[in-house]
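If you're matching them up, the sequences are chains P and E in order.
Quick note: the first sequence uses my numbering, first residue 4, plus one each step.
Quick note: the second sequence uses my numbering, first residue 185, plus one each step.
Ideal placement from N, C-alpha and C gives every residue a C-beta, glycine not left out.
Quantities reported herein were computed from a predicted structural model and do not represent experimental measurements.
What follows is a single structure, written as structure tokens, with notes after it.
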Amino acid sequence: MTPEDFKKIGDTHRKKREAFPYVINVCTAAACVSLQSEKVKDELTSQVKEQGKKDVCRVSGTGCLGLCASGPLVTVNNEQALYGGVKPEDASDIVKNIEKKPIKRLEIPADMPFFARQTKIALEHCGKTDPEVIGDYLAMEGYEALYNCLTTMEPVEVIDMMVKSGLRGRGGGGYPVGLKWSTVHKAVGAKKYVICNADEGDPGAFMDRSMLESDPHSIIEGMAIAGYAVGASHGYVYIRGEYPLAIKRLKAAIRQAERQGFLGKNICETPFSFDIEIRLGAGAFVCGEETALIASIEGRRGTPRPRPPYPAQFGLWGHPTLINNVETFANISPIVRKGADYYASIGTERSKGTKVFALAGSIVNTGLIEVPMGITLRDIVFDIGGGILGGRKFKAVQTGGPSGGCIPDEYLDMKVDYESLAQVGSIMGSGGMIVMDETSCMVDVAKYFMDFCQSESCGKCAPCRVGTAQMYNLLNMISQGKATMHDMELLEELCDVVKNTSLCGLGQTAANPVLSTIRFFRDEYLAHINDKKCPAGVCTIEHKEVAVS
Amino acid sequence: MSSTVKIKTLTIDDRQVGAREDQTILEVARENGIKIPTLCYLKGLSPYGGCRMCIVEVAGSNKLLPSCMTAVEEGMVVSTQTEKIKKYRKSLLELYFSERNHVCSVCATNGYCELQSMAQKVEMTHVHFPYMYPHLEVDATHERFVLDHNRCIACTRCVRVCDEIEGAHTLDIKDRGINVRIITDLDQPWGESDTCTQCGKCVHVCPTGALIERGKSVGEMSKRKQLLPYLTKMREAHK
Numbered sequence: 004m005t006p007e008d009f010k011k012i013g014d015t016h017r018k019k020r021e022a023f024p025y026v027i028n029v030c031t032a033a034a035c036v037s038l039q040s041e042k043v044k045d046e047l048t049s050q051v052k053e054q055g056k057k058d059v060c061r062v063s064g065t066g067c068l069g070l071c072a073s074g075p076l077v078t079v080n081n082e083q084a085l086y087g088g089v090k091p092e093d094a095s096d097i098v099k100n101i102e103k104k105p106i107k108r109l110e111i112p113a114d115m116p117f118f119a120r121q122t123k124i125a126l127e128h129c130g131k132t133d134p135e136v137i138g139d140y141l142a143m144e145g146y147e148a149l150y151n152c153l154t155t156m157e158p159v160e161v162i163d164m165m166v167k168s169g170l171r172g173r174g175g176g177g178y179p180v181g182l183k184w185s186t187v188h189k190a191v192g193a194k195k196y197v198i199c200n201a202d203e204g205d206p207g208a209f210m211d212r213s214m215l216e217s218d219p220h221s222i223i224e225g226m227a228i229a230g231y232a233v234g235a236s237h238g239y240v241y242i243r244g245e246y247p248l249a250i251k252r253l254k255a256a257i258r259q260a261e262r263q264g265f266l267g268k269n270i271c272e273t274p275f276s277f278d279i280e281i282r283l284g285a286g287a288f289v290c291g292e293e294t295a296l297i298a299s300i301e302g303r304r305g306t307p308r309p310r311p312p313y314p315a316q317f318g319l320w321g322h323p324t325l326i327n328n329v330e331t332f333a334n335i336s337p338i339v340r341k342g343a344d345y346y347a348s349i350g351t352e353r354s355k356g357t358k359v360f361a362l363a364g365s366i367v368n369t370g371l372i373e374v375p376m377g378i379t380l381r382d383i384v385f386d387i388g389g390g391i392l393g394g395r396k397f398k399a400v401q402t403g404g405p406s407g408g409c410i411p412d413e414y415l416d417m418k419v420d421y422e423s424l425a426q427v428g429s430i431m432g433s434g435g436m437i438v439m440d441e442t443s444c445m446v447d448v449a450k451y452f453m454d455f456c457q458s459e460s461c462g463k464c465a466p467c468r469v470g471t472a473q474m475y476n477l478l479n480m481i482s483q484g485k486a487t488m489h490d491m492e493l494l495e496e497l498c499d500v501v502k503n504t505s506l507c508g509l510g511q512t513a514a515n516p517v518l519s520t521i522r523f524f525r526d527e528y529l530a531h532i533n534d535k536k537c538p539a540g541v542c543t544i545e546h547k548e549v550a551v552s
Numbered sequence: 185m186s187s188t189v190k191i192k193t194l195t196i197d198d199r200q201v202g203a204r205e206d207q208t209i210l211e212v213a214r215e216n217g218i219k220i221p222t223l224c225y226l227k228g229l230s231p232y233g234g235c236r237m238c239i240v241e242v243a244g245s246n247k248l249l250p251s252c253m254t255a256v257e258e259g260m261v262v263s264t265q266t267e268k269i270k271k272y273r274k275s276l277l278e279l280y281f282s283e284r285n286h287v288c289s290v291c292a293t294n295g296y297c298e299l300q301s302m303a304q305k306v307e308m309t310h311v312h313f314p315y316m317y318p319h320l321e322v323d324a325t326h327e328r329f330v331l332d333h334n335r336c337i338a339c340t341r342c343v344r345v346c347d348e349i350e351g352a353h354t355l356d357i358k359d360r361g362i363n364v365r366i367i368t369d370l371d372q373p374w375g376e377s378d379t380c381t382q383c384g385k386c387v388h389v390c391p392t393g394a395l396i397e398r399g400k401s402v403g404e405m406s407k408r409k410q411l412l413p414y415l416t417k418m419r420e421a422h423k
């Protein structure tokens with residue numbers, strides 16, 4: 004394939020897309036689908052036919068548009084207007100007005116901070132292309148990065164680019180991507196593997212799901228580039244079984260990529276071969292831990308093993324293995340296309356680029372956002388997020404899921420990057436952000452996350468297996484007003500033991516929600532214990548009168 | 185051992201020791217008479233890294249590492265008995281005792297139990313975490329052995345010996361977290377197992393009274409500790 008041939012592929016698809024002067028895109032990611040966006044799409048298609056605009060107007064499905072709170076979302080004429088809360092009945096109006104001004108009744112202002120303040124890199128195609136059509140991806144410079152890597156760059160140059168970009172692993176740990184790639188590249192082994200970790204399990208997080216549903220090709224392309232850089236010819240995507248739509252689209256995308264020659268043998272007529280297989284998770288949270296994930300792919304019980312050796316050295320079936328998260332892979336092709344310097348110019352000193360967050364909880368604009376690193380929490384919650392639901396008072400924002408912590412309002416002006424979040428006892432995590440208002444009880448929140456950890460602990464190591472169960476029991480007693488200050492001391496002691504002696508990340512971070520709520524909301528714990536009261540009115544306190552006779 | 189195996193030198197508890205590069209910290213420590221407590225580790229079986237009793241401090245690492253699965257490195261400085269580690273080991277052991285119903289006075293392995301002697305070793309005087317008192321079953325369907333889940337610490341020595349040494353893989357583990365249980369075959373009663381060869385290796389590697397021979401009363405169930413080293417030695421000799 005010559006560069007001209009390759010260019011022709013993109014141009015053909017671009018022309019196909021541009022043949023229609025009017026376009027209606029309907030969001031078909033899971034959140035909008037659950038609000039019947041498919042019906043809206045069908046109705047729009049039949050209205051276009053009925054009103055005789057079949058040759059001028061194209062209706063297509065598209066990936067996540069971000070503002071899930073206002074779904075189903077529809078954009079017209081390449082995002083000239085965005086409509087929210089669209090019902091099938093609105094279809095005829097939308098088609099009627101397609102050549103005219105946007106319909107005021109449905110329109111969501113495009114200049115609202117939710118859209119204006121985002122910088123889209125990993126999500127660059129989300130909402131612009133049809134995830135089920137490879138042509139749409141190719142029309143947007145798709146697979147160009149892979150083609151350029153294979154034809155003009157050495158693997159070490161690709162790795163060097165990742166090092167220069169400053170990209171860090173987006174799964175939560177924030178390990179430098181370039182360093183990881185170069186370790187796997189240098190590791191000696193006849194076979195190497197690339198694994199995409201799509202076992203997104205944090206409560207309230209839906210970044211990976213949205214990306215796979217909206218732009219599966221960018222993950223495939225990222226993985227293929229990674230395969231080329233580290234010298235692997237096989238890839239696995241380990242994806243949760245709970246994501247049927249993402250699985251369906253990813254499967255379709257892999258088939259399309261194979262047919263077009265972007266996966267398989269001799270990709271783009273170069274000596275490089277790479278294929279991708281999908282493995283479904285069966286619902287265990289711990290399988291997001293890399294060694295447990297590898298065990299699960301190998302067909303064994305999904306339990307972690309101590310590291311070192313790290314998978315980069317001893318991974319899948321004992322071979323050097325590169326494991327990155329979905330969002331990390333989604334960032335690869337934009338970095339190759341736009342350059343490492345561009346990526347490194349965004350963000351803070353030690354956390355470069357952008358980060359995708361899933362806004363959930365008591366916030367007006369629930370949805371998916373991508374913001375530059377270093378933005379403040381206040382900007383995310385109050386500007387982009389539109390503040391707290393029902394005008395209530397902000398209490399805390401929870402980042403990093405069951406491994407993270409709750410950040411109170413005094414840290415709202417803190418910059419969001421790996422180091423700052425760690426300093427306040429939370430973590431960046433994979434990007435879940437749960438906003439809580441004054442009606443949330445922090446003891447209850449800690450109890451919820453500890454319940455999650457104890458039921459998701461694999462049971463291999465004693466501190467996590469027994470310690471999390473003990474901590475849950477103690478938190479349960481506190482929330483019921485049955486605990487004493489001695490129980491509080493025990494709880495804090497257990498946090499320390501479990502954190503320092505557990506085998507894997509699940510146990511080592513399980514105490515974080517408890518530690519951070521004790522740190523910032525100690526008075527709430529004391530109110531439950533000493534005054535037998537739940538200040539937020541969430542916990543049911545058992546009133547027990549002890550009669551002395 | 186091939187001639188290409190390199191030798192590393194490291195420091196364990198202020199002592200300079202030499203080791204083959206394929207050895208773990210625990211192996212080298214034991215060769216040199218440095219005692220590190222273990223529960224799930226058993227020489228002759230694959231390491232598991234689950235009991236966390238063998239954790240050690242390694243200079244330069246901010247995490248405590250399981251010595252049974254950490255390979256030696258040149259110049260490594262290892263501490264096995266710091267106050268911090270001793271404290272954690274004691275807490276861990278207390279967690280074990282709080283998890284299930286370890287009542288020595290009515291246990292067949294009383295006096296022969298590794299969990300019991302470990303408590304003495306780490307100077308555990310009492311359990312200050314709340315006891316969980318679960319209601320667990322006893323599987324006495326097998327004609328020769330008894331599986332008492334109340335005494336199990338989920339070390340999986342039995343699972344490993346059944347799979348790796350006997351080759352039967354009758355025993356395995358089900359569920360997760362606090363609910364993990366040792367099972368026979370596809371979670372059938374042991375007496376109905378088609379694959380169990382009745383070899384009894386599981387019973388003799390079990391550190392507690394979870395696996396015992398039928399008919400043994402309190403304090404009567406001593407375990408044949410030499411069984412596994414003998415088997416592994418004979419196998420090595422016939423390789």
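Query - Bridge-paired residues (DSSP) for Arg199 (chain E) - result: Per DSSP, the beta bridge partners of Arg199 (chain E) are E:Ile196.
Query raised in the report: With burial defined as no fewer than 16 other Cβ atoms inside 10 Å of the residue's Cβ, what is the status of Val320 (chain P): buried or exposed?
Result: For clarity, residue 320 (chain P) is Trp in the given sequence; the question names Val instead. Trp320 (chain P) comes out exposed.
Report task. Count the other CB atoms, across all protein chains shown, that sit within 10 Å of the CB of Thr78 (chain P); report buried if there are 16 or more and exposed otherwise. Result -> buried
Report task. Mind checking the stretch 303 to 314 of chain P against chain E and listing, in chain order, the residues whose C-beta falls within less than 8 Å of any C-beta there? Result -> Arg304, Arg308, Pro309, Pro311, Pro312
Requested in this report: Determine the chain P residues that contact Leu248 (chain E) at a beta-carbon separation under 8 Å, and present them in chain order.
Outcome: Asn503, Thr504
Query raised in the report: Should Asp440 (chain P) go down as buried or exposed, given a rule of 16 or more other Cβ atoms within 10 Å for buried?
Result: buried
**Report entry** Start and end residues, beta strand (DSSP E) containing Ile279 (chain P)
**Finding:** 278 to 284
Query raised in the report: Residue range of the alpha helix (DSSP H) that Asp344 (chain P) falls in?
Result: 343 to 347
Query raised in the report: In chain order, what residues of the stretch 445 to 471 of chain P put their CB closer than 9 Å to some CB of chain E?
Result: Cys456, Gln457, Ser458, Glu459, Ser460, Cys461, Gly462, Lys463, Cys464, Ala465, Pro466, Cys467, Arg468, Val469, Gly470, Thr471
Query raised in the report: By DSSP, does Asp205 (chain P) sit in helix, in strand, or in coil?
Result: coil
Query raised in the report: Whole alpha helix (DSSP H) runs in the stretch 438 to 516 of chain P with 4 or more residues, listed along the chain?
Result: 445 to 459, 465 to 482, 488 to 504, 508 to 513
**Report entry** Inside the stretch 360 to 419 of chain P only - beta strand (DSSP E) runs reaching at least 3 residues
**Finding:** Listed in chain order, the complete beta strand (DSSP E) runs (minimum 3 residues) inside the stretch 360 to 419 of chain P are 370 to 375, 397 to 402, 408 to 411.
Query - chain E residues whose Cβ lies nearer than 8 Å to that of Asn476 (chain P) - result: Contact annotation for Asn476 (chain P) against chain E: Pro314, Met316 [CB-CB distance below 8 Å, chain order].
Query raised in the report: Using DSSP with H/G/I as helix, E/B as strand and the rest coil, what is Met185 (chain E)?
Result: Note that Met185 (chain E) scores 49 on pLDDT, short of 50, meaning its location in the model is unreliable and no value can be drawn from it.
**Report entry** Residue ranges of each beta strand (DSSP E) within the stretch 193 to 272 of chain E, 3 or longer
**Finding:** List check, beta strand (DSSP E) in window: 199 to 204, 239 to 242, 261 to 263.
Query raised in the report: Could you give the distance in angstroms between the alpha-carbon of Gln304 (chain E) and the alpha-carbon of Gly350 (chain P)?
Result: If you take the alpha carbons of Gln304 (chain E) and Gly350 (chain P), they lie about 55 Å apart.
Requested in this report: May I ask which residues mark the beginning and end of the beta strand (DSSP E) holding Leu85 (chain P)?
Outcome: 84 to 86
Query - Same chain, Cβ closer than 8 Å to Leu371 (chain P), five either side skipped, listed in chain order - result: Cys67, Gly69, Cys71, Leu126, Cys129, Phe209, Met210, Ser213, Val359, Phe360, Ala361, Leu362
Query - Partner residues on chain C for Ala338 (chain E), Cβ-Cβ distance less than 9 Å - result: Going by chain labels, chain C is absent from the structure shown, which instead holds the protein chains P and E.
Query raised in the report: So, are the CB atoms of Asp133 (chain P) and Thr48 (chain P) less than 8 Å apart?
Result: The answer is no: Cβ separation not under 8 Å.
**Report entry** Burial state of Glu267 (chain E) (16 or more Cβ within 10 Å)
**Finding:** Under this definition Glu267 (chain E) is an exposed residue.
Report task. State buried or exposed for Ser443 (chain P), treating a residue as buried only when at least 16 other CB atoms are found within 10 Å of its CB. Result -> Ser443 (chain P) counts as buried, since no fewer than 16 other beta carbons sit within 10 angstroms of its beta carbon.
Query - chain E contact residues for Val500 (chain P), given Cβ-Cβ distances below 8 Å - result: Among the residues of chain E, those whose CB is under 8 Å from the CB of Val500 (chain P) are Tyr272, Ser275, Leu276, Leu279, following chain order.
**Report entry** Euclidean distance between Cα positions of Lys44 (chain P) and Ile223 (chain P)
**Finding:** Computed Cα separation, rounded: 27 Å.
Query - Residue closest to Gly435 (chain P), alpha-carbon to alpha-carbon, out of P:Thr520, P:Val400, P:Lys450, P:Lys99 - result: Taking only the C-alpha atoms, the option nearest Gly435 (chain P) is P:Val400.
Query raised in the report: In angstroms, rounded to a whole number, what distance separates the CA positions of Val306 (chain E) and Ile532 (chain P)?
Result: 33 Å
Query - Closest Cα partner of Gly204 (chain P) within the set P:Asn515, P:Glu135, P:Glu545, P:Gly174 - result: Across the set P:Asn515, P:Glu135, P:Glu545, P:Gly174, the C-alpha of P:Gly174 shows the shortest separation from the C-alpha of Gly204 (chain P).
Query - Within-8 Å CB hit, Cys297 (chain E) to chain P - result: no
**Report entry** Pick from P:Arg120, P:Val98, P:Gly87 that is closest to Arg108 (chain P), judged by C-alpha positions
**Finding:** P:Gly87
Query raised in the report: So is Asn81 (chain P) buried or exposed if we call it buried at 16+ other beta carbons inside 10 Å?
Result: exposed
Query raised in the report: What residue does the alpha helix (DSSP H) around Asp526 (chain P) start on, and which one ends it?
Result: 525 to 533
**Report entry** Cβ-based burial, Leu226 (chain E) [other Cβ within 10 Å; buried from 16]
**Finding:** Sixteen is the threshold: when 16 or more other Cβ atoms of the shown chains lie within 10 Å of the Cβ of Leu226 (chain E), as they do, the residue is buried.
Query raised in the report: Given Leu411 (chain E), which residues of its chain have a CB within under 8 Å of its CB, disregarding the five upstream and five downstream residues?
Result: So the list reads Lys385, His388, Val389, once near-sequence residues are dropped.
Query raised in the report: Can you pull the DSSP bridge partners for Asp332 (chain E)?
Result: E:Val322
Requested in this report: May I ask you to verify whether the stretch 299 to 312 of chain P touches the stretch 414 to 433 of chain P, counting CB pairs closer than 8 Å and requiring at least 3?
Outcome: no
Query raised in the report: Run through DSSP, which three-state label would Tyr150 (chain P) get?
Result: helix
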